[in-house]
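Enquirer: Read top to bottom, the protein sequences are chains A and B.
So the first sequence is numbered by the numbering used here: it starts at -9 and just counts up by one.
So the second sequence is numbered by the numbering used here: it starts at 15 and just counts up by one.
C-beta: ideal position from N, C-alpha, C; glycine also.
Here the structure is a predicted model, which is why all the values come from computation and not from measurement.
So that we are looking at the same thing, I have put the structure below in structure tokens.
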Amino acid sequence: DAGITQSPRYKITETGRQVTLMCHQTWSHSYMFWYRQDLGHGLRLIYYSAAADITDKGEVPDGYVVSRSKTENFPLTLESATRSQTSVYFCATGTGNQPQHFGDGTRLSIL
Amino acid sequence: SQQGEEDPQALSIQEGENATMNCSYKTSINNLQWYRQNSGRGLVHLILIRSNEREKHSGRLRVTLDTSKKSSSLLITASRAADTASYFCATDANDYKLSFGAGTTVTVRA
């Protein structure tokens, strides 16, 4: 009963490097979301997806790329990491006007 | 920009006391949700209240919604040490995306 799994849990990388955060769900929920959580800001939506091959920008999409070729996976890529992208990243799934289910997050540090 | 704003930012109470936190938002909503986050973990859903509802209960949790004032409150009764966590309100403006506030950190002292 894994539900939603994020990997890695912790990642340290350098500025300018590409890094991909993985999110996998076992429920077949249509919606998937990526948030970042920073002190004083709560969670901010980066990108979301309504179904496979359908993605759209959230509040803070700059510097990030997503794809969703399969319903169960929703990877988030930082194409050229910057220090301002140091954060905790959460993936979530949902089925519309229902509560979202969150993973345990990836703590990303960019040096 | 954040839709919800929680108040207070932090709350410290004695075990057995009640904890109340408030959330204000700016635009019309379809529903409002409350989540809990324990340290180092993801958010866990607590209660969803729809725009046509005024009050909802779940165990020791009571949520109210006043759409005329664009505000909601979460009451935790008879608090326990395990209630120590951050609590977030999130609004859904009928587009399936949630907009979160910055959260209220609750510490329950034994």
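Against leucine 170 of chain A, what residues of chain B qualify as contacts under a CB-to-CB distance less than 8 Å, listed in chain order?
Expert: An answer regarding residue 170 of chain A cannot be provided, because it is not within the stretch -9 to 101 covered by chain A.
Enquirer: Rank B/Glu29, B/Ser87, B/Asn52 by C-alpha distance to the C-alpha of histidine 71 of chain B and give the top, closest one.
Expert: Here residue 71 of chain B refers to the residue found at position 57 when the second sequence is read from its first residue. Looking at the Cα atoms, B/Ser87 is the closest of the given residues.
Enquirer: So which residues of chain A does arginine 55 of chain B contact, with C-beta pairs closer than 8 Å?
Expert: Residue 55 of chain B sits at position 41 when you count from the first residue of the second sequence. Asp94, Gly95, listed in chain order.
Enquirer: What is the rounded straight-line gap between the Cα of aspartate 94 of chain A and the Cα of arginine 68 of chain B?
Expert: Taking the first sequence and counting its residues from 1, one reaches residue 94 of chain A at position 104. Taking the second sequence and counting its residues from 1, one reaches residue 68 of chain B at position 54. Computed Cα separation, rounded: 32 Å.
Enquirer: Sort B/Thr91, B/Ala107, B/Thr105 by Cα distance to glutamine 28 of chain B and report the nearest one.
Expert: Stepping through the second sequence from its first residue, residue 28 of chain B is reached at position 14. Of the listed residues, the one whose Cα sits closest to glutamine 28 of chain B is B/Thr91.
Enquirer: At 3 residues or longer, what runs of the beta strand (DSSP E) sit wholly inside the region 39 to 107 of chain B?
Expert: Taking only runs of at least 3 residues, the beta strand (DSSP E) segments lying wholly in the region 39 to 107 of chain B are 45 to 51, 57 to 64, 69 to 72, 75 to 80, 85 to 90, 99 to 106.
Enquirer: Using three-state DSSP, classify glutamine 28 of chain B as helix, strand or coil.
Expert: Start at 1 with the first residue of the second sequence, and residue 28 of chain B comes out as number 14. Note: glutamine 28 of chain B maps to strand in three-state DSSP.
Enquirer: Excluding five sequence neighbours on each side, which residues of the same chain lie with their C-beta closer than 8 Å to the C-beta of glutamine 51 of chain B?
Expert: For the purposes of this step, residue 51 of chain B is identified with residue 37 of the second sequence, where counting begins at 1. Cβ within range, chain order: Leu57, Val58, Ala99, Ser100, Tyr101, Phe102, Gly117.
Enquirer: Kindly list the residues whose CB is nearer than 6 Å to the CB of leucine 33 of chain A, restricted to its own chain and excluding five residues on each side of it in sequence; keep chain order.
Expert: For the purposes of this step, residue 33 of chain A is identified with residue 43 of the first sequence, where counting begins at 1. Contacts found: Tyr25, Gln27.
Enquirer: Report yes or no: is there a C-beta of chain B within less than 7 Å of the C-beta of proline 51 of chain A?
Expert: On the first sequence, residue 51 of chain A is found 61 positions in, with the first residue counted as 1. No, proline 51 of chain A lies away from the interface with chain B (no Cβ there is under 7 Å from its Cβ).
Enquirer: Hey, valine 56 of chain A and leucine 66 of chain A: beta-carbon distance below 7 Å or not?
Expert: Along the first sequence, one-based indexing puts residue 56 of chain A at 66. Along the first sequence, one-based indexing puts residue 66 of chain A at 76. Closer than 7 Å, so yes.
Enquirer: Where does serine 113 of chain B fall in DSSP's three states?
Expert: In the second sequence, residue 113 of chain B corresponds to position 99, counting from 1. DSSP places serine 113 of chain B in strand when its eight states are reduced to three.
Enquirer: So isoleucine 100 of chain A and threonine 76 of chain A are supposed to be a Cβ contact under 8 Å. How far apart are they, rounded?
Expert: Within the first sequence, the letter at position 110 stands for residue 100 of chain A. Within the first sequence, the letter at position 86 stands for residue 76 of chain A. Going by Cβ atoms, the distance from isoleucine 100 of chain A to threonine 76 of chain A rounds to 5 Å, so yes, they are a contact pair.
Enquirer: Name the chain A residues whose beta carbon is nearer than 8 Å to that of leucine 117 of chain B?
Expert: Translated into the one-based positions of the second sequence, residue 117 of chain B becomes position 103. Correcting the residue identity first, residue 117 of chain B is glycine in this sequence and not leucine. Within chain A, the residues near glycine 117 of chain B are Gly32.
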